[in-house]
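K.L.:
Our numbering puts the first residue of the sequence shown at 1190, with every later residue one more than the last. Using N, Cα and C, we set each Cβ at its ideal position, and we do this for glycine too. None of these values were measured; they are calculated from a predicted model.
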Amino acid sequence: MMRLRTAFCVSFTALAFAAPPDLRVPPAEALRTPGGVTYRVIQAGRGGASPGPKDFVRAHLTGWGSDGATFIHTRSLDEAPYLSLERLMPGLRESLQAMVPGEQRRIWVPEALAFAGAKGRPAGTVVMDLELLDSVPDPSQAPPDVAAPPPDATTLRSGLAFRILKPGSGTAHPSRSSWISVHYSGWTTDGKLFDSSLKKGTSVPLQVKGTIEGWIEGLPLMVVGERRRFWIPEKLAYRGASGMPKGMLVFDVELMGIAPN
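#1: Pick out whichever of ASP1323, ASN1450 and PRO1223 has its Cα sitting closest to the Cα of PRO1356.
#2: CB-CB under 6 Å to VAL1439, same chain, minus the five flanking residues each way: which ones, in chain order?
#3: Considering only residues of the same chain and omitting the five flanking positions on each side of GLY1227, which have a CB-CB separation below 6 Å?
#4: Would you call the CB atoms of PHE1245 and VAL1325 closer than 8 Å?
#5: What span of residues does the alpha helix (DSSP H) with GLY1432 cover, start to end?
#6: On the three-state DSSP scale, how would you describe LEU1345?
#7: Tell me whether PRO1451 sits in a helix, a strand or coil according to DSSP, three-state version.
#8: On the three-pair Cβ rule with 8 Å, is the stretch 1427-1443 touching the stretch 1405-1419?
#9: Which value, in whole angstroms, describes the spacing of the CA atoms of LEU1285 and ARG1346?
#10: Mapping DSSP to helix, strand and coil, what is ARG1294?
#11: Relative to the alpha-carbon of SER1255, which residue among TYR1427, LEU1272, PHE1351 and ALA1207 has its alpha-carbon at the smallest distance?
#12: Express the C-alpha separation of GLY1380 and ALA1332 in angstroms, rounding to a whole number.
#13: Based on Cα-Cα distance, which residue from GLU1406, LEU1382 and SER1273 lies nearest to ARG1247?
#14: If you draw a straight line from the C-alpha of MET1437 to the C-alpha of GLY1429, how long is it?
#15: List the residues that DSSP assigns as beta-bridge partners of PRO1394.
#16: Got a sec, what are the start and stop residues for the beta strand (DSSP E) ILE1401 sits in?
#17: Drop a sphere of 10 angstroms on the beta-carbon of ARG1295, count the other beta-carbons inside from all chains shown, and report buried for 16 or more, exposed for fewer.
#18: Can you find the residues in the same chain that come closer than 7 Å, C-beta to C-beta, to PRO1240, ignoring five residues on each side of it along the sequence?
#19: To the nearest angstrom, how far is it from the Cα of ALA1301 to the Cα of PRO1223?
#20: How about GLY1390 and PRO1270: are their beta carbons less than 8 Å apart?
#21: Taking only three categories from DSSP, how would you classify GLY1236?
#22: Have a look at the DSSP bridge pairing and note the partners of THR1259.
#23: GLY1375 by DSSP, collapsed to three states: which one?
Next comes the structure, spelled out in structure tokens:
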């Protein structure tokens, strides 16, 4: 994914959302980060850990230039994107790292910490409304338990093992015939990442029965919003197929949605 400096601006310049009344002058109660970003908390978070410097964050962003023009509004998308903190503008990166899930902030980012005078991008201070939904570690770094299922993992008769990383908020489970959207990362047991939707930003639509056996068995156990780590034996994965990852595979899977029947 390209840096936010160059990516989202092109896609969202045609959108228009009312600029906040405090666009040009932050309110008296606004605070300031060590890096020089002015902010105020609109809604406190629900607690939990703040993102690490290399994490991927799932967040909603709305941004305005000093002229009041909207340059990004992710709420017009079907779902909030995952973004690599390392690839964001400095002021946005610092702000998201200071937040906790569920928190909403309005930030005033000086030009040096925003688009830094880039041609065709908003000049001067930009104002952004942020809502941090979630964060996950950079998938390039394999989980510490990637070599084998830990003692607290549940192992099914088939040999599929899993543990829940984040409970879901939904109640419905997908069936074998369901179309769903997921985010996922997959590693071999020696820690090599072979695929990840996080690096693409958007979730992947798929039909449960069209996936590997381990997913066909594991996905119907999940509800929307849930994230699980699966350890999938080769017989339930790619069965030694040419050009595919070999041996047991480890997947982190987040169920983003279930399409209505």
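P.N.:
Taking the definition as stated:
#1: ASP1323
#2: VAL1335, TRP1376 and TRP1420
#3: Note that residue 1227 is Thr in the sequence shown, not Gly. Contacts found: PRO1215, ALA1219, ARG1221 and TRP1297.
#4: yes
#5: No alpha helix (DSSP H) contains GLY1432, which DSSP labels as neither H nor E.
#6: coil
#7: Residue 1451 lies beyond the residue range present for the chain, which begins at 1190 and ends at 1450; the question has no answer from this structure.
#8: yes
#9: 42 Å
#10: strand
#11: ALA1207
#12: The sequence as given places Pro at residue 1332; Ala does not occur at that position. Their Cα atoms are separated by approximately 8 Å.
#13: SER1273
#14: 10 Å
#15: SER1370
#16: Taken as a continuous stretch (DSSP letters only), ILE1401 belongs to no beta strand (DSSP E), as it is neither H nor E.
#17: buried
#18: VAL1246, LEU1274, LEU1285, GLN1286 and SER1324
#19: 14 Å
#20: yes
#21: coil
#22: TRP1253
#23: strand
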